[in-house]
Amino acid sequence: MKLLSSFSIFQLVFARFELGGDSSPATNADEADEGGLEWLRSRASSTSINLSQKRSNLMRFLWQNPLCRDINKCECGGEIGGKKQLEGTITVGNGEDVDARYDRRQACMWHIRVPDNYTIHMQFDREYGFDVEYHNFCGFDKVHILKGLFGANKNFEKIARFCGPRKNFEPLPWDGKRRIYHNEGDMDFWDRPYDIKSNKATVAWDADQTKVHKGWKLNWWAVAAEPMESDRLEDNTKFDTLAGVLHLLTGKIRPLIQAQITLPVRVKQNQLQHLNNLLGKLEDAISIKGPLGSKSCSDMEDWQPPSQKLKQILAEDHTLEGWLAEDGPIVQYAAYYIGECKNYKWDKRVKNVYAKTTKNLGRARKPKF
């Protein structure tokens, strides 16, 4: 039987585990949902593919996403939380035995879900310590922390990927994603709790086939969420000025662009530039044609805060498409202050800006599993 080349094996392994990649069409639902680590093991031991020790080490570098992609088929973990369980601890290792080490070849996942009016906070247990095989990008053993529930057709956002400690940074966890940093005794997840800002979170653990260490312990608990912006609009003055609204729009739309996990960084940077251009045009339009503008055609004699209804629309969360819709918050805000400008052709201008912006920004594509 003809053996596959090194390059072919490389392609086969990574095609199966890349988010959105698949080496062949699934023939049934069971094959489509098959756990990633289980699949690799079966193929690695197959007589049709003889992997050398060097080639088998490729599985160590599959770090971007948890290896287990179906919560019901992971080796350990499960669904935790609920109305009656608002706190808990996730432990990998055995803290009672100082010589104990976690097992090799693990792929575990925990889905944490609490009531909608709560947000999840997390912090590693400093007394237990953090001891996981180190890699610059946490490509060996690692702890994945995600906002939302990780899995097929689910919404999630990657927060951190911990391993370590790194040399000269003991005893601190190291974030291979480069999002969580230590700054003079002030590190999220370690020195202080981290707010996931959601009632849903995922913790995943992957260990490869080589070195083993003591492990880690993560404490989580639910905290009653702060009132939504829409619940305290009367006391909020950032809606009252154009600059305040532009800042609010940037703060709400920018994360939606950055959260498009399937897009390259270069594309996202272009999108952010287009967003800045769009909001710049909005500022110019209202400054010129709005209240007190040099070519004003507004119904207002003086600048007035938005209506309660418009405040509510601006305070709510929308999708990227929703923010840029022809009847979306941006267009409604502009129309509220500019009114009907016959010479300015505002409706046509908004439509053109919308069309160009949606073309440039693109749509957030759902990850494929």
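One point on numbering: in the working numbering, the residue at position 249 of the sequence shown is 274, and numbering is uninterrupted. Where a beta carbon is used, it is the ideal one built from N, C-alpha and C, also for glycine.
Assigned exposure category for residue i - 16 Cβ within 10 Å defines buried
{"i": "P289", "result": "exposed"}
{"i": "E158", "result": "buried"}
{"i": "Y206", "result": "exposed"}
{"i": "A5", "result": "Since the first residue of the chain shown is 26 and the last is 394, residue 5 is not available in this structure."}
{"i": "Q131", "result": "buried"}
{"i": "H272", "result": "exposed"}
{"i": "D352", "result": "exposed"}
{"i": "Q329", "result": "exposed"}
{"i": "D233", "result": "buried"}
{"i": "G46", "result": "Any reading at G46 needs caution, since the residue's pLDDT is 39, under 50, leaving its predicted position unreliable; the model's value is listed next. It is exposed - the Cβ of G46 has fewer than 16 other Cβ atoms within 10 Å."}
{"i": "P354", "result": "buried"}
{"i": "N97", "result": "exposed"}
Backbone secondary structure at residue i - three-state DSSP
{"i": "L303", "result": "helix"}
{"i": "K172", "result": "strand"}
{"i": "D213", "result": "strand"}
{"i": "H272", "result": "helix"}
{"i": "Y362", "result": "helix"}
{"i": "D220", "result": "strand"}
{"i": "E340", "result": "Before going on, a small fix: residue 340 reads as Ala here, not Glu. Three-state result, A340: helix."}
{"i": "G107", "result": "coil"}
{"i": "R279", "result": "helix"}
{"i": "R291", "result": "helix"}
{"i": "K6", "result": "With the chain covering 26 to 394 only, the question about residue 6 has no answer from this structure."}
{"i": "D200", "result": "strand"}
{"i": "E308", "result": "helix"}
{"i": "D150", "result": "coil"}
{"i": "E195", "result": "coil"}
{"i": "E182", "result": "strand"}
{"i": "I205", "result": "coil"}
{"i": "L335", "result": "helix"}
{"i": "K391", "result": "A caution first: K391 carries a pLDDT of 38, below 50, which makes its placement in the model too unreliable to give a value."}
{"i": "E326", "result": "coil"}
{"i": "L320", "result": "Reading off the sequence, residue 320 comes out as Lys, not Leu. Note: K320 maps to coil in three-state DSSP."}
{"i": "K263", "result": "coil"}
Beta-carbon proximity list for residue i, same chain, < 6 angstroms, skipping 5 on both sides
{"i": "K225", "result": "R138, G173 and L174"}
{"i": "N119", "result": "A125"}
{"i": "P218", "result": "H146 and Q148"}
{"i": "G102", "result": "C133, M134 and W135"}
{"i": "K202", "result": "A185 and R186"}
Residues sharing a beta bridge with residue i, DSSP
{"i": "V228", "result": "W135 and I170"}
{"i": "G240", "result": "D156"}
{"i": "A247", "result": "I145"}
{"i": "E3", "result": "Limits of the chain in this structure are 26 at one end and 394 at the other, which puts residue 3 out of reach."}
{"i": "E351", "result": "None; E351 has no bridge partner."}
{"i": "V117", "result": "W241"}
{"i": "F187", "result": "V168 and D200"}
When the options are compared against residue i, the one with the closest alpha-carbon
{"i": "I184", "options": "P196, F214 and R191", "result": "F214"}
{"i": "T114", "options": "A340, I105 and A310", "result": "I105"}
{"i": "G164", "options": "Q285, S323 and W199", "result": "W199"}
{"i": "E195", "options": "V228, L171, R151 and H169", "result": "R151"}
{"i": "A108", "options": "N142, A284, L87 and P91", "result": "A small fix is needed here, since residue 108 is Lys in this sequence, not Ala. Among N142, A284, L87 and P91, the Cα nearest to that of K108 is on N142."}
{"i": "T235", "options": "R129, C99 and L345", "result": "R129"}
{"i": "H238", "options": "P331, S312, K167 and N193", "result": "K167"}
{"i": "D122", "options": "A229, E209, L87 and G240", "result": "G240"}
{"i": "F181", "options": "G276, D327, I363 and Q285", "result": "Q285"}
{"i": "E308", "options": "L87, I363 and Q89", "result": "I363"}
{"i": "S332", "options": "A359, K179 and Y127", "result": "A359"}
{"i": "E346", "options": "H169, K277, M325 and G269", "result": "K277"}
Beta-carbon proximity list for residue i, same chain, < 7 angstroms, skipping 5 on both sides
{"i": "I145", "result": "I137, V139, I221, S223, N224, A226, W245 and A247"}
Beta-carbon contacts of residue i that lie in its chain and below 8 angstroms, excluding the five residues immediately before and after
{"i": "G189", "result": "F155, V157, Y159, C163, L197, P198 and W199"}
{"i": "S67", "result": "Annotation note: pLDDT 49 at S67 (below 50); position unreliable, no value reported."}
{"i": "A54", "result": "For A54, the pLDDT reaches just 36, beneath the cut-off of 50, and the residue's location in the model is therefore unreliable, although a value from the coordinates is still provided. Hits under 8 angstroms: none found."}
{"i": "R279", "result": "L297 and L300"}
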